[in-house]
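Asker: Residue numbers (my numbering), protein chains in the order written: chain A, 5 to 880; chain B, 784 to 1114.
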Amino acid sequence: MKLHTKIILLVTCLGGGIGLCCTLLGGSILREAIDAEFKKEAKIIVQGVGGRIAQNVIDNEVIPARHVLRDIINLTHGPGYAYVIGFDGEIFAHSFEKGFPRDLAKITHEKCLSGEPSTYLTATGFVLDLAYPLIKGMPAHVHIGINTNQLTDMVTALRDRLLLLSLLVTLFCVSIGIFVTRRVTYPLRVLTDSLHSFAEGMAEEEIRLSTGGQEVRELITAFNAMKSKRVAAERALRESKRQVDTILQSLQSGVLIVDSATHEIIEANPAACKLIGSTREQIVGHVCHKFVCPAEKGACPITDNGQSVDNSDRVLIKADGMEIQIIKTVVPITLGNRSCLLESFVDITDRKKAEDALRRSEERLALVVDATQIGMFDWNMLKRESFWTQQHQIIFGYPATSNSAMRAYHDWADRVHPDDLPRVEERIHRSMAERNLFVAEYRIVTPNGSQRWVESRGLFIYDLDGKAMRMIGTVQEITERKHAEERLQRAEKMEALGTLAGGVAHDLNNVLGIVVGYSELLLDNLDESSSARSEAGKILKGGQRAAAIVQDLLTLARRGVRSRKVLNLNRIVKESQNFPEFAKALACHPDIVIKMDLAPDLLNISGSGIHLEKSFINLLSNAAEAMPNGGTLTVRTANHYLDQPISGYDEVREGDYVVLSVSDTGEGIPASDLKRIFEPFYTKKVMGRSGTGLGLAVVWGTVKDHFGYITVQSEEGKGTTFTLYFPVTREELSSEEETVSASEYMGNGETILVVDDVKEQRELAGTMLRKLHYKVVTVSSGEEAVEYVKRHTVHLVVLDMIMDPGMDGLDTYAKILEMHPDQKAIIVSGFAGTRRVREAQSLGAGAYVKKPYILETLGLAVRKELERKGNSAAKS
Amino acid sequence: MSDKCIRGKCNSIFLGIIKCLIAVSTAACLLSGCDLDSEYKTIDLKNVINEEEFARIKPKREPNVFLFGFDLRATPEEDAKQYLPFLRYLENATGYRFNLCFTSKHKDIVQVLGTGEIDFAAIGAGSYLRAHREHGVIPVARGLNSLGKGEYQSLIIVRPDSGFKEVKDLRGKRFAFGSINSTQGHIIPRIMLAQQGLRMEDLGSYEFTGSHFECANSVTSGRFDAGGIQDTMGRELAERGLVKILQTSEYYPSSGISAYRNVPTEVIAAVKKALLDFQPLGRDAEPLYHWERTEMPNGFIEAKDEDYEEFRNWAVKLDLMSKFKSEERKP
């Protein structure tokens, strides 16, 4: 529809509509106004007589009320009827001459005295029924019916006039509308033609129009301006598009433009084509998942998951099917009215490989660090804070709640043992200054008070000015190593001291051998009635006792335990009470009470009774001396099964043990001395009064030789307990050794070659053997022995194992065997059976006899070896 | 936006304007009334109803609605304004419905209550004595005075400029009473006159004006020399300088609420409880209209028949226990 047609139609409708509305609304408003006036007048009337009628109703005076109602309807323009409803809802009085209308009575009762105004149609026209309460809040009402015919006539006449006026106004509006629209639309038609031309790109010249009003001229001007701007904008747009195309073509990142709805690729730049390995024409039109992130099909972060941007590592499938790693960025864009996705991506295959390699390297390093339980730190010396690994924190006793943590300098310094801190800090500064590797071993104190040894190593990193900025290094706990070193040092020390003691004992043992040997010979040569026999016996016993002491020294050297018997510690303890040392110890301390708590079912052990007795006596003496003012000395034995390490030992052999403990309630041993009490000659006692410094060393050596363990618990002022563990043997106790008759080891004139570098020993052995009816030849060295047997035959050689200088017993025996392969021999030595003794025995030598020489022992050994049939087994 | 699109939108707007105009015109037609006669009910004013049919459609008294009467004291509108909020209170407090009922001046409220034409009534002590004696009306509650007691007084008032000093001075003078059935407006003033040795025949003239208000009016206007009036209204008038109080009576049982003998006991109990809980000066004051002008301005206490014993003696002595005639007057 043309604009001018619309305007004319609009003006016509507008004029006609307004006229019609005015007509109708005017009539309605007028009617309502007159209606309201009637109501107002009726209300005034009722209010004037309401009081009277109310009283009439209360007093039930109908006639006066009816008079009042008739007076009302007789008024000029008065109502057509009036009636009153009483307080009981009943019609009380009315103005009707011939009776109350039936219809009105029904309506009145049906309306339940609502008092709402109503309009009724009667034979004479409309009646407006108005009701007013006689007393507010009470049901009594007066109703007035007003005839509205006159009102309706007035309204109708007025409405007709208004209608005519509206028609005339409408015709006038139409005429004016036609004229105006033709004049107004002329420039628009010109403008329209120009727009068509512009749209077709033919008209770039400006429109020039002399007609039209100011608005039209402004419109033309605006149009011309718009056209100029539009032309300029199109040029700029073309330039911008060219630039965008250039950028896309030049980008090294692949770029795809994808339709958001269909995921169809609508554009691909050359880099994308190159990465995919296909042409633009072969890419465009396909869904993007064919090439990019196929796994996310149906789960696109942007279109399916609602993300505003996706920036993640994806997989790109090349045209040849090969997959490469890419990092892809996707953002939603709008091109025209089309929602699209701009996807840009680059190949990160090389980077991924490098990352994987780095990750694997880090994993290996982490595994190594975990496996070695080495803590690592990175100390920023400028900030004075340090990065600690979890292991570092564990070593330093911090709660390792995470894999790593930042710690301040004082976190480290607070844990370093105060005695070690200055040394370690000095070491740090020196290493830093000298640009050396920092290495330090120091102690740390954990929150629970325990001490740990750590070894720390670190390298410094310096800035360009040579100032140390960081220190990176490791921390390793070496507590166990430190303890092991200490134990090793102690063991070495004990070994050295033992060797020393053993050397001394060896010489002393030779001397004692003479004393014991000759005293035995002396006893044999003396008559039973001789008075010198008693003295000789005492010499023999003293010598034997001295020999036992020497055994202590040899025990220290751990070379002494050569004879093992099945023993019971309870018996050792009981018999020890008869020893003079025991009596002497108690005599010096009469206030001591001894308690014995011996397990009746104590198991047996295998060992040396002399050593065990000596150890027990030593412990008793020590305990007694620790209680100068008296106290309680408790001796306990018990069976015990060890299945876990005991104090002072890293590990123990699991099994049954017999436990001997000696406790006192004395002064206790200071903690600083506890480590050294087993060292030989380490004593706090007054020399000369008691002890030689060997007592506990002997105990320690004895326990070692018996494959046992010893622990000490001591508290100053409360006492000390030594606890000794000895492995159990399941063998039964041996009966007492029987006395062997001398006839059983007497010789038959066999020739015995005695080889000993000590003259007295040599002579002693010779004397004993001659006494046993052997022919004895003595030489003082191995070399002499070899020379002798070259020319002579002997039945047996008694070989001292240790001879100095020259060949020892083993070498001598070996030389002799070269000449006489069946040569019999026994070995004698002051030491326990050593490796060289066993080698000699493996070559064919017979028994090993421990010095000092004892007639019976030596005789039995010689006899037994002579009677042994050959030594072929040894040879083989 | 394309040319086609713009054109389509313009057409839509144009058609919208045309539609609006047509709609406005139609609405105007409708609002103007358009003479649609068929909408109105047609009635025939000449077809009248006979008595039988009228009686058949006459509304019946609603069941379970209790009628509450009272002595007219001011105009019907004023009385209704005072009692209607009070009845709404009773309805809320008891759960029963109550309608206010005016008593015609041609009827005796004692008779109306006694015969069950109404169920409850606010009546004075004198009316109660008669209603109880003649119809067994039940006392429910009495109004509290400002002292918190269920008693009231009457005043004998004169004009402020009159020379009367005592009641005895009224011998031979014109005397106005309130309603003939009023305790404060008639019976107590009668007792006051009797106590001073004045009988009705000793007065120059007397008249029952119908209410305390009219009684006061008759004195202030000079129509009568003195009048017997309720204490609250008399004191209010005296404070405003309109009258002078010549004498104040003793305390007698105040007006109260009484019930028709056949009203169910539980209803009476509920009403009694509501009345005793009634707080016209406090919680329940808001909807009330000039409740202070009633004879129960401060609430209620329980009423018992024995409370009226002394008053009953005076009434018997003065022969006031029979119904009074409204026209009884001495010209």
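The C-beta atom is built at its ideal place from N, Cα and C for all residues, glycine as well. Quick caveat: nothing in here was measured; it's all calculated off a predicted structure.
1. What residues in its chain sit with their C-beta under 6 Å from that of Val220/A, if we drop five residues either side in the sequence?
2. Gln455/A by DSSP, collapsed to three states: which one?
3. Taking 8 Å as the cut-off, does the segment 651 to 671 of chain A touch the segment 708 to 724 of chain A (at least 3 CB pairs, one atom from each stretch)?
4. For chain B, find out if any of its Cβ atoms is closer than 8 Å to the Cβ of Gly141/A; answer yes or no.
5. For the structure I just gave you, are there three or more beta carbon pairs, one from the segment 65 to 72 of chain A and one from the segment 154 to 163 of chain A, closer than 8 Å?
6. If contact means a Cβ-Cβ distance below 8 Å, which residues of the segment 323 to 334 of chain A contact chain B?
7. Quick check: is the beta carbon of Thr825/B nearer than 8 Å to any beta carbon in chain A?
8. Which two residues bound the contiguous alpha helix (DSSP H) that contains Gln1030/B?
9. Looking at the secondary structure, which residues open and close the alpha helix (DSSP H) in which Leu369/A lies?
10. By DSSP's criteria, Asn643/A is part of a beta bridge. Which residues make up the other side?
11. Going along the chain, which residues of the segment 921 to 940 of chain B sit with their C-beta nearer than 8 Å to a C-beta in chain A?
12. Start and end of the alpha helix (DSSP H) containing Ala409/A?
13. Can we say the segment 36 to 54 of chain A touches the segment 100 to 114 of chain A, given the rule of at least three CB pairs closer than 8 Å?
14. Give the residues from the segment 7 to 38 of chain A that approach chain B closer than 7 Å (Cβ to any Cβ), ordered along the chain.
15. Using a Cβ cut-off of 8 Å, pull out every chain A residue sitting near Asn830/B, in sequence order please.
16. Does the pairing of the segment 1076 to 1088 of chain B with the segment 1029 to 1039 of chain B give three or more beta-carbon distances under 8 Å?
17. Any chance you could list the beta strand (DSSP E) runs of at least 3 consecutive residues sitting entirely within the segment 1006 to 1084 of chain B, in chain order?
18. Please confirm whether Lys102/A and Val831/B have their CB atoms less than 8 Å apart.
19. Measuring only the C-alpha atoms, how far is Tyr413/A from Lys357/A?
20. Hey, quick one: how far does the alpha helix (DSSP H) through Cys998/B stretch, first residue to last?
21. With respect to the alpha helix (DSSP H) encompassing Thr771/A, which residues constitute its N-terminal and C-terminal limits?
22. If you drop the 5 nearest sequence neighbours on each side, which residues of the same chain put their C-beta closer than 7 Å to that of Lys497/A?
23. Just list the alpha helix (DSSP H) runs in the segment 785 to 839 of chain A, keeping only unbroken ones of 4 residues or longer that don't cross its boundaries, in chain order.
24. Using 8 Å as the threshold, is the C-beta distance between Ile330/A and Asp351/A below it?
25. List the residues of chain B whose Cβ lies closer than 8 Å to the Cβ of Asn153/A, in chain order.
26. Counting only Cβ pairs nearer than 8 Å, list the residues of chain A close to Ser887/B.
27. I want to know whether the segment 999 to 1014 of chain B touches the segment 861 to 874 of chain B - three or more CB-CB distances under 8 Å.
28. Hey, is Glu860/B's beta-carbon within less than 8 Å of any beta-carbon in chain A?
29. Select from Gly401/A, Ala409/A, Glu430/A, Ile432/A the residue whose C-alpha is nearest the C-alpha of Asp418/A.
30. Would Leu896/B pass as an interface residue toward chain A - the criterion being a Cβ-Cβ separation below 8 Å?
31. Could you give the distance in angstroms between the alpha-carbon of Ala1042/B and the alpha-carbon of Gln936/B?
32. In chain D, what lies closer than 9 Å to Phe295/A by C-beta?
33. Name, please, each residue of chain B whose Cβ falls closer than 9 Å to the Cβ of Lys47/A.
34. Quick check on Ser535/A: buried or exposed, where buried means 16 or more other Cβ atoms within 10 Å of its Cβ?
35. Could you give the distance in angstroms between the alpha-carbon of Asn1045/B and the alpha-carbon of Leu873/B?
36. Any beta-carbon of chain A closer than 8 Å to the one on Ile892/B?
Answerer: Once the coordinates are examined:
1. The residues are Pro191.
2. Under the three-state reduction of DSSP output, Gln455/A falls in the strand class.
3. Short answer: they touch.
4. Answer yes: the Cβ-Cβ gap between Gly141/A and chain B drops below 8 Å somewhere.
5. The segment 65 to 72 of chain A makes no contact with the segment 154 to 163 of chain A; the number of CB pairs closer than 8 Å stays below 3.
6. Listed in sequence order: no entries.
7. It does: the Cβ of Thr825/B has a partner Cβ on chain A nearer than 8 Å.
8. For Gln1030/B, no alpha helix (DSSP H) run applies; the uninterrupted beta strand (DSSP E) run containing it begins and ends at 1027 to 1031, by DSSP.
9. Leu369/A -> alpha helix (DSSP H) spans 353 to 376.
10. According to DSSP, Asn643/A bridges with Val662/A.
11. Answer set for the segment 921 to 940 of chain B: empty.
12. Ala409/A -> not in any alpha helix (DSSP H); beta strand (DSSP E) instead, spanning 408 to 412.
13. They do not touch, by the three-pair rule.
14. Answer in chain order: Lys10, Leu14, Cys17, Leu18, Gly21, Leu24, Cys25, Leu28, Leu29, Gly31, Ser32, Arg35.
15. Ordered by position in chain A, the residues that pass the 8 Å Cβ test against Asn830/B are Pro105, Arg106, Asp107.
16. Verdict: yes, contact present.
17. Listed in chain order, the complete beta strand (DSSP E) runs (minimum 3 residues) inside the segment 1006 to 1084 of chain B are 1009 to 1013, 1027 to 1031, 1039 to 1042.
18. In this structure, Lys102/A lies near Val831/B, with their beta-carbon atoms less than 8 Å apart.
19. About 38 Å.
20. In the DSSP annotation of this structure, the continuous segment of the alpha helix (DSSP H) that includes Cys998/B starts and ends at 995 to 1003.
21. Element bounds for Thr771/A: 763 to 775.
22. Closer than 7 Å at Cβ, skipping near neighbours: Glu683.
23. Taken in chain order, the whole alpha helix (DSSP H) runs of length 4 or more contained in the segment 785 to 839 of chain A are 786 to 795, 813 to 823.
24. Taking 8 Å as the Cβ cut-off, Ile330/A and Asp351/A qualify as a contacting pair.
25. Listed along chain B, no residue sits closer than 8 Å to Asn153/A by beta-carbon distance, the nearest being about 12 Å off.
26. Those are Ile62, Asp63, Asn64, listed as they occur along chain A.
27. No: fewer than three Cβ pairs fall under 8 Å.
28. Cβ-Cβ to chain A under 8 Å: yes for Glu860/B.
29. Relative to the Cα of Asp418/A, the nearest Cα in the group Gly401/A, Ala409/A, Glu430/A, Ile432/A belongs to Gly401/A.
30. Chain A, which has no Cβ nearer than 8 Å to the Cβ of Leu896/B, makes this no.
31. For Ala1042/B and Gln936/B, the distance between alpha carbons rounds to 23 Å.
32. Checking the listed chains, one finds no chain D in this structure; the protein chains it contains are A and B.
33. Listed by position along chain B, the residues whose Cβ is nearer than 9 Å to that of Lys47/A form an empty set, because the closest Cβ is around 16 Å away.
34. With fewer than 16 other beta carbons inside 10 angstroms of its own, Ser535/A counts as exposed.
35. Rounded to the nearest angstrom, the two C-alpha atoms are 19 Å apart.
36. Judged by the 8 Å Cβ criterion, Ile892/B is not in contact with chain A.
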